[in-house]
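Here the sequence shown stands for residues 1 to 704, numbered as in the UniProt record's numbering. Before any comments, here is the structure.
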Amino acid sequence: MKKKMIPILFVFIFVIVNLYCLGRVLTDRSLLRFLSKVSSIDYYYSLLFIGLMFVGTGLVCFLKRPDSIVIRSFFYLMYTSGFAIALSNASGLDVLPGKEIEVITASLAPYFLIRFFEFFPSSSKPLFFQYIRRVTLLLAAIINIVFFCTYPYHLSRSPELLQFIRIALIANVCISLIACICLTYLHLKMNSSKVKNQLYILIASLVLSFLPVLFLSLIPAILHLANIPFFFSLLSIILFPATLAYLLTMQEIIDIKMSMRPLLFEILALLLSLVSVNVLFFLFYPLTPELFYRLNGFMLVILAIYHLIQKIVEPLVKREWTSKEHDIQREKKIILQQILNGQHLASCGRLIVNLIHQTVDINGACLIWKKNQAPKIIYQTGIFADGRLADACMQHLNHKKNEHRSEALNCHIFPLDNEQGNKGWIIIGQKINETHLDRNERLLLEKIQSDAAELLTSTETLSGLGRELRETQNRSLSQEQFNHALLIDREEEKRKLSIYLHDEVLQNVILMANKVEALHDEQIIGDKAYLEMKEIFMNGIYDIREMSRELHPFMVEDLGLEQSLQALKRKLQNNYNVVIQTAYDLSLKVISKKLAIQVYRMIKELLYNAIKHSSSPFVSVSLKSLDHSLIINVKDKGKGFKIPASLSNLTEENHLGLITVQKRVDQLGGRFDITSEEGKGTSITITLPLERSDELEYQRTAGR
1 MKKKMIPILF
11 VFIFVIVNLY
21 CLGRVLTDRS
31 LLRFLSKVSS
41 IDYYYSLLFI
51 GLMFVGTGLV
61 CFLKRPDSIV
71 IRSFFYLMYT
81 SGFAIALSNA
91 SGLDVLPGKE
101 IEVITASLAP
111 YFLIRFFEFF
121 PSSSKPLFFQ
131 YIRRVTLLLA
141 AIINIVFFCT
151 YPYHLSRSPE
161 LLQFIRIALI
171 ANVCISLIAC
181 ICLTYLHLKM
191 NSSKVKNQLY
201 ILIASLVLSF
211 LPVLFLSLIP
221 AILHLANIPF
231 FFSLLSIILF
241 PATLAYLLTM
251 QEIIDIKMSM
261 RPLLFEILAL
271 LLSLVSVNVL
281 FFLFYPLTPE
291 LFYRLNGFML
301 VILAIYHLIQ
311 KIVEPLVKRE
321 WTSKEHDIQR
331 EKKIILQQIL
341 NGQHLASCGR
351 LIVNLIHQTV
361 DINGACLIWK
371 KNQAPKIIYQ
381 TGIFADGRLA
391 DACMQHLNHK
401 KNEHRSEALN
411 CHIFPLDNEQ
421 GNKGWIIIGQ
431 KINETHLDRN
441 ERLLLEKIQS
451 DAAELLTSTE
461 TLSGLGRELR
471 ETQNRSLSQE
481 QFNHALLIDR
491 EEEKRKLSIY
501 LHDEVLQNVI
511 LMANKVEALH
521 DEQIIGDKAY
531 LEMKEIFMNG
541 IYDIREMSRE
551 LHPFMVEDLG
561 LEQSLQALKR
571 KLQNNYNVVI
581 QTAYDLSLKV
591 ISKKLAIQVY
601 RMIKELLYNA
611 IKHSSSPFVS
621 VSLKSLDHSL
631 IINVKDKGKG
641 FKIPASLSNL
651 TEENHLGLIT
661 VQKRVDQLGG
671 RFDITSEEGK
681 GTSITITLPL
691 ERSDELEYQR
701 TAGR
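Right, dumping it as structure tokens:
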């Protein structure tokens with residue numbers, strides 16, 4: 001939550017500063033010379049809109065993945081660029097603090113552009129790119145130092161000083177753009193056609209977005225040549241945030257899915273509200289253009305503040321409701337997993353009834369489902385456990401679509417309906433405290449009612465389609481495609497479990513640890529018991545974090561393969577008395593996220609295997625890109641071993657890690673070679689196809 005509040009705070013500062021500057025422009029009549037420069041106040045609003053689009057794009061992406069370094073760099077790039085664009089007019093009019101903030105953000109934007117390209121696309125970057133990043137940061141520091149150290153001279157409008165700052169800002173932007181375009185161009189020679197297409201889009205976006213601004217407006221203005229107004233040249237820059245967001249989605253760094261229909265309804269409702277207020281206002285007051293902008297701007301700000309406050313207050317007001325809703329969704333996922341794992345109807349019924357008991361404190365519940373139009377009790381608890389009350393309920397069941405209460409049986413009946421009609425019922429007894437169901441409890445039970453009908457129907461459908469689907473997959477996929485799909489699906493399951501451990505289990509353990517600490521502060525728990533419990537919680541938190549990282553290496557998704565292996569190298573060298581040498585020669589090759597994760601897992605397994613069995617103080621790892629293949633070599637100078645005729649015989653020598661790696665290589669369609677001699681060490685070489693991996697992933701995605 002704290003990570004998400006930081007960008008929201010930045011956006012709040014962006015809105016406040018721009019509203020203040022806009023208010024100064026509209027109220028200070030001495031600033032109306034602005035109209036003679038740009039012909040219309042509309043240009044000012046247009047630049048505000050462009051800046052807001054930059055900042056909004058960065059914020060949406062950040063809220064989707066706040067833990068990603070790539071997305072954080074993207075947000076800071078969008079924020080600094082958008083802030084500089086939005087304040088460009090206020091800066092030209094010497095409205096405080098427009099010029100000051102514009103200098104800061106415009107000088108830092110090139111640095112954040114280089115910083116973003118360090119992580120995107122995910123590949124080894126040449127050494128010159130790191131030097132460029134330092135140069136852009138140094139230039140930004142020089143610009144800000146010169147600007148603020150000579151701040152008194154700004155008030156007297158020193159043209160030489162302002163000219164120097166403008167030239168330095170433009171030079172910084174040009175350096176970063178040239179470096180990014182060159183880096184992207186170098187990637188073109190080393191990657192597949194799929195990656196090349198994305199790189200072409202990236203180069204075109206950089207050229208079309210920034211070159212008109214630089215060569216048609218800013219540079220000619222510095223040289224006192226004929227130039228087009230800054231506003232018109234800036235229109236092309238709108239392509240930049242949209243293109244980067246699209247490429248982040250294509251590279252599976254972020255998944256932006258928006259439901260257009262609700263969004264269109266919200267936009268339509270907003271427009272109708274604005275039109276209605278303007279019409280009502282026009283009936284009583286003359287509506288001048290200046291008043292029109294003020295009125296609608298004020299309304300938009302009020303709506304934005306209301307929406308923000310609602311987002312902050314709503315979780316506090318509905319904390320219990322949110323907790324129950326979250327429990328329902330979590331249990332629903334468990335039930336769905338049971339369905340996908342082939343569990344029968346009774347297991348799903350048991351989970352649904354248990355969920356009802358967790359939601360409402362009642363004395364019993366019963367789930368009835370029709371099989372071949374014949375009602376059958378799936379699961380029952382409490383007062384329904386002996387079966388007599390459940391049988392009596394079945395005699396009084398009807399086909400009402402809504403929840404109703406049976407006074408004769410003193411229970412609540414929730415029909416389970418689908419498109420085919422009534423399929424069953426959920427029957428619950430009284431609350432243990434003998435009170436009536438309140439509104440929130442009814443809403444939660446109605447949600448369980450709708451979800452239960454959907455889940456039970458899906459269970460029946462999936463059980464009938466499961467075998468047919470597996471047979472169809474086996475017929476449609478070759479063995480190589482099937483192995484690849486199986487490997488990716490297994491990785492996705494591990495990823496989901498890792499997220500569940502980190503976001504659910506770990507947070508609950510941390511919450512319990514905080515509660516224990518609060519009880520200790522209130523002297524409800526003694527010091528000795530508190531220290532024992534604290535140690536247990538800390539060990540549990542550490543174990544859960546390590547297990548989450550073992551299940552899925554999110555570092556590879558975020559930082560790429562090379563930096564993840566460097567982190568693994570540092571960890572192993574710190575924990576074990578071993579020296580690990582790494583060599584990378586990937587030639588700017590962009591390795592897909594899914595393949596990078598598999599490569600990371602294999603190298604990690606081989607390193608642990610070498611440390612465990614070879615007793616070697618030195619291990620070397622090399623990665624090389626050759627043609628359309630990735631060649632991995634892990635070599636040690638340990639005691640070695642005699643290679644059996646079949647690697648499957650390695651199980652007798654407790655070399656399960658090598659067998660696991662070989663199976664993974666086979667699933668990726670690669671080659672596994674091992675050479676070893678007793679007393680001289682072991683060398684393992686893995687050759688994986690790069691192009692084939694991309695093609696299989698594309699076929700798998702397209703076939704969904």
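Glycine included, each C-beta is placed from N, C-alpha and C at the ideal position. In this text, all values refer to a predicted model and were calculated from it rather than measured experimentally.
Query, Result
"Count the C-beta pairs between the stretch 585-603 and the stretch 544-551 that are closer than 8 Å, then say yes if the count reaches three, no if not.", "no"
"Just to confirm before moving on: does the CB-CB distance between isoleucine 378 and isoleucine 368 stay below 8 Å?", "yes"
"Grab the span of the beta strand (DSSP E) containing leucine 688 for me, first residue to last.", "681-689"
"For tyrosine 44, count neighbouring Cβ atoms within 10 angstroms of its own Cβ and tell me buried if that reaches 16, exposed if not.", "buried"
"Look at the alpha carbon of residue 707 and the alpha carbon of leucine 519, and state the distance between them as a whole number of angstroms.", "Beyond the ends of the chain as shown, which are 1 and 704, falls residue 707; an answer cannot be given."
"Pull up the distance between the alpha-carbon of valine 505 and that of threonine 459, whole angstroms please.", "27 Å"
"Could you spell out where the beta strand (DSSP E) holding serine 676 opens and where it closes?", "671-677"
"For a quick check, are the C-beta atoms of glutamine 598 and threonine 582 less than 8 Å apart?", "no"
"Once DSSP output is grouped into helix, strand and coil, what is the label at valine 360?", "coil"
"Using CA atoms only, rank isn't needed, just tell me which of Tyr246, Leu234, Asp361 and Phe384 is closest to phenylalanine 49.", "Leu234"
"Alanine 86 to leucine 47, Cα distance in whole Å?", "5 Å"
"So, isoleucine 580 versus leucine 561, is the Cβ gap smaller than 8 Å?", "no"
"Quick one: any contact between the stretch 424-436 and the stretch 356-363, if contact means 3 or more CB pairs under 8 Å?", "yes"
"Rounded to whole angstroms, what is the Cα-Cα separation between leucine 658 and lysine 635?", "13 Å"
"Just the Cα atoms here: how many angstroms apart are phenylalanine 116 and arginine 133?", "10 Å"
"State the Cα-Cα distance for the pair lysine 370 and leucine 355, rounded to the nearest angstrom.", "21 Å"
"With a 10 Å radius around its C-beta and 16 neighbouring C-beta atoms as the bar for buried, classify glycine 424 as buried or exposed.", "buried"
"If you scan the stretch 177-228 from start to end, which runs of the beta strand (DSSP E) of 3 or more residues do you find wholly inside it?", "none"
"Can you find at least 3 beta carbon pairs, one from the stretch 206-226 and one from the stretch 163-177, that sit closer than 8 Å?", "yes"
"Within the continuous beta strand (DSSP E) that includes glycine 424, where are the two ends?", "421-428"
"Using the rule of at least 16 other Cβ atoms within 10 Å of the residue's Cβ for burial, across every protein chain shown, is cysteine 149 buried or exposed?", "exposed"
"Taking the alpha helix (DSSP H) that asparagine 144 falls in, what are its first and last residues?", "127-149"
"Alanine 304: buried (16+ other C-beta within 10 angstroms of its C-beta) or exposed?", "exposed"
"By Cβ distance, which residues of its chain are closer than 6 Å to leucine 630, with the 5 residues on each side in sequence left out?", "Leu688 and Leu690"
"Quick check: the Cα distance between alanine 346 and glutamate 446, rounded to an integer number of angstroms?", "21 Å"
"From which residue to which residue does the alpha helix (DSSP H) around threonine 582 run?", "That residue, threonine 582, is in no alpha helix (DSSP H); its beta strand (DSSP E) goes 579-585."
"How would you write the range of the beta strand (DSSP E) that glutamine 380 sits in, first residue to last?", "374-380"
"Mind checking which residues open and close the beta strand (DSSP E) that includes proline 617?", "Here proline 617 belongs to no beta strand (DSSP E), and DSSP marks it neither H nor E."
"What first and last residue would you give for the beta strand (DSSP E) that runs through histidine 412?", "411-418"
"Could you give the residue range of the alpha helix (DSSP H) that holds asparagine 574?", "561-575"
"Examine the Cβ distances between the stretch 103-110 and the stretch 73-84 and report whether three or more of them are shorter than 8 Å.", "yes"
"Using 8 Å for Cβ pairs, my map puts alanine 84 next to tyrosine 111. What's the rounded Cβ distance?", "Wrong, their Cβ atoms sit about 13 Å apart, outside the cutoff."
"Going by CA-CA distance only, name the one from Ile181, His357 and Asn609 that's closest to glycine 638.", "Asn609"
"Does at least one heavy atom of the ligand SAH sit under 7 Å from the Cβ of lysine 494?", "Absence of the ligand SAH is noted for the structure shown, with no ligands found whatsoever."
"Reducing DSSP to helix, strand and coil, say where alanine 385 ends up.", "coil"
"Are the CB atoms of alanine 179 and phenylalanine 129 nearer to each other than 8 Å?", "yes"
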